[in-house]
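S.K.:
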Amino acid sequence: MGNAMRKTIKLSISILLSCFLLAFYGCSNDVTAKERTQNLKDYGIVIDAGHGGQDPGAVSTINGIIESDLNLEIAKKLQSIFMEQGISSSLTRTNENALAETKDEDMNSRRTIIHSSNAPVMVSIHMNSFPDDPNVWGPQVFYCDLESSKELADTLQSLLNEATGGKRKSAYLELYILQGNPMPSVLVECGFISNEVEAIKLSDKEYQALIAQTIADGIYNYCGYKNP
Numbered sequence: 077m078g079n080a081m082r083k084t085i086k087l088s089i090s091i092l093l094s095c096f097l098l099a100f101y102g103c104s105n106d107v108t109a110k111e112r113t114q115n116l117k118d119y120g121i122v123i124d125a126g127h128g129g130q131d132p133g134a135v136s137t138i139n140g141i142i143e144s145d146l147n148l149e150i151a152k153k154l155q156s157i158f159m160e161q162g163i164s165s166s167l168t169r170t171n172e173n174a175l176a177e178t179k180d181e182d183m184n185s186r187r188t189i190i191h192s193s194n195a196p197v198m199v200s201i202h203m204n205s206f207p208d209d210p211n212v213w214g215p216q217v218f219y220c221d222l223e224s225s226k227e228l229a230d231t232l233q234s235l236l237n238e239a240t241g242g243k244r245k246s247a248y249l250e251l252y253i254l255q256g257n258p259m260p261s262v263l264v265e266c267g268f269i270s271n272e273v274e275a276i277k278l279s280d281k282e283y284q285a286l287i288a289q290t291i292a293d294g295i296y297n298y299c300g301y302k303n304p
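As structure tokens, this is what we get:
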């Protein structure tokens with residue numbers, strides 16, 4: 077059996093499992109705000125800090141910041157915000173290392189954590205880069221598969237634009253980390269480290285905290301959680 081066939085079979089099994097979990101846990105647009113709030117309290121969220129280890133992601137030519145480091149910083153800040161509200165969260169990685177030696181194994185390990193979390197929401201943290209046009213900037217949220225993922229992405233995008241002055245729109249993108257998940261899942265590109273102004277901002281702890289808090293607020297809004 078070829079590698080392509082194996083991957084197709086694995087993806088088909090994953091999608092079937094996701095459909096079962098989706099039906100079991102009720103993470104769809106049919107879930108009421110009350111149920112979303114309760115699921116958030118019961119299961120928290122799962123936070124994916126993109127890249128890590130041998131896969132650093134993008135590296136800024138502006139100030140040398142590394143995407144994988146920034147992803148982890150914001151992921152940990154986001155986790156702390158939820159912990160302050162007594163809401164648990166799972167991080168796919170907790171340090172600078174990847175979860176496995178190869179990229180495929182690393183991504184499969186992340187998916188295992190996501191699928192076993194029972195969380196009502198998954199958010200993956202990343203940084204964007206477009207060296208061909210250093211004027212491009214602004215956070216952007218991507219979604220895939222579920223209509224509820226689009227709803228979550230739109231909520232987060234609106235708040236991130238308000239917080240940063242950005243003008244970007246959420247967008248559909250078939251990313252492995254988003255495909256086949258049983259819960260609403262989004263990937264947040266927090267900004268462009270190829271843009272001079274944004275690279276400097278994203279290196280700043282206070283700005284990182286602003287991004288993390290905005291993401292948390294968007295999840296609160298989506299889940300109907302009243303932040304005291």
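Our numbering puts the first residue of the sequence shown at 77, with every later residue one more than the last.
Don't be surprised by glycine CBs; every beta carbon is placed ideally from N, CA and C.
In this text, all values refer to a predicted model and were calculated from it rather than measured experimentally.
Using a 10 Å radius around the Cβ and a threshold of 16 neighbouring Cβ atoms, would you call Asn211 buried or exposed?
M.R.: As a position in the sequence shown, residue 211 is number 135, starting the count at 1. Exposed, because fewer than 16 other Cβ atoms sit within 10 Å of the Cβ of Asn211.
S.K.: Could you name the residues that DSSP lists as bridge partners for Tyr283?
M.R.: Within the sequence shown, numbered from 1, the residue matching residue 283 stands at position 207. None, per the DSSP bridge assignment.
S.K.: Go through its chain and collect everything with a Cβ distance to Asp131's Cβ below 8 Å, but skip five positions before and after it.
M.R.: As a working note, residue 131 is residue 55 in the sequence shown. These residues qualify, in order along the chain: Ser144, Ala174, Lys179 and Asp182.
S.K.: In terms of alpha-carbon separation, which member of Asn115, Ser185, Ala176 and Glu172 lies closest to Ile253?
M.R.: To locate residue 253, count along the sequence shown from 1; it is residue 177. Looking at the Cα atoms, Ser185 is the closest of the given residues.
S.K.: Going by DSSP in three states, Phe206 sits in which element: helix, strand or coil?
M.R.: Residue numbering aside, residue 206 sits at position 130 when the sequence shown is read from its first letter. Phe206 falls in the coil class under three-state DSSP.
S.K.: Assuming the contact rule is C-beta atoms closer than 8 Å, Ile157 and Ala275 should be a hit. Round their C-beta distance to whole Å, please.
M.R.: One-based indexing of the sequence shown puts residue 157 at position 81. One-based indexing of the sequence shown puts residue 275 at position 199. No, Ile157 and Ala275 are not in contact; Cβ-Cβ is about 24 Å, not under 8 Å.
S.K.: When you compare only the Cα positions, how much space is there between Glu172 and Thr231?
M.R.: Residue 172 sits at position 96 when you count from the first residue of the sequence shown. Residue 231 sits at position 155 when you count from the first residue of the sequence shown. So the two alpha carbons sit approximately 30 Å from each other.
S.K.: Can you tell me whether Asn237 is buried or exposed, with buried defined as 16 or more other CB within 10 angstroms of its CB?
M.R.: Numbered from its first residue, the sequence shown carries residue 237 at position 161. Asn237 comes out buried.
S.K.: Leaving out the 5 sequence neighbours to the left and right, which residues in its chain are closer than 7 Å to Ile150 when beta-carbon positions are compared?
M.R.: Position 74 of the sequence shown, counted from the first residue, corresponds to residue 150. These residues qualify, in order along the chain: Ile201, Cys266, Gln284, Ile287 and Ala288.
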